[in-house]
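Enquirer:
Residue numbers (full-length UniProt numbering): 1 to 58.
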């Protein structure tokens, strides 16, 4: 099963963790809470956890 190729509108909507101009999208409060919990469990920074959860790891 392959990942569907995101359309421009999906990128613009921020569904892929990035805004239309390609910058990382700010986290929603729910995502931030999830990232903070994950970061504390795994011992990583909140930024790392957020990138991993969003799939925008560099």
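Note that beta-carbon positions come from the ideal geometry of N, C-alpha and C, so glycine has one too.
Buried or exposed for residue 33, please, with buried defined as at least 16 other CB atoms from any protein chain shown within 10 angstroms of its CB.
Expert: By the neighbour-count rule (16 or more Cβ atoms within 10 Å), residue 33 is not buried but exposed.
Enquirer: Could you give the DSSP three-state label for residue 29: helix, strand or coil?
Expert: If DSSP states are grouped into helix, strand and coil, residue 29 belongs with the helices.
Enquirer: Using a threshold of 8 angstroms, state whether the C-beta atoms of residue 49 and residue 27 are closer than that.
Expert: It is not a contact, given that the beta carbons lie outside the stated cut-off.
Enquirer: From the DSSP output, in three-state form, read off residue 38 for me.
Expert: Helix, per DSSP.
Enquirer: Tell me the residue span of the alpha helix (DSSP H) that contains residue 44.
Expert: Where residue 44 is concerned, there is no enclosing alpha helix (DSSP H), given that its DSSP letter is neither H nor E.
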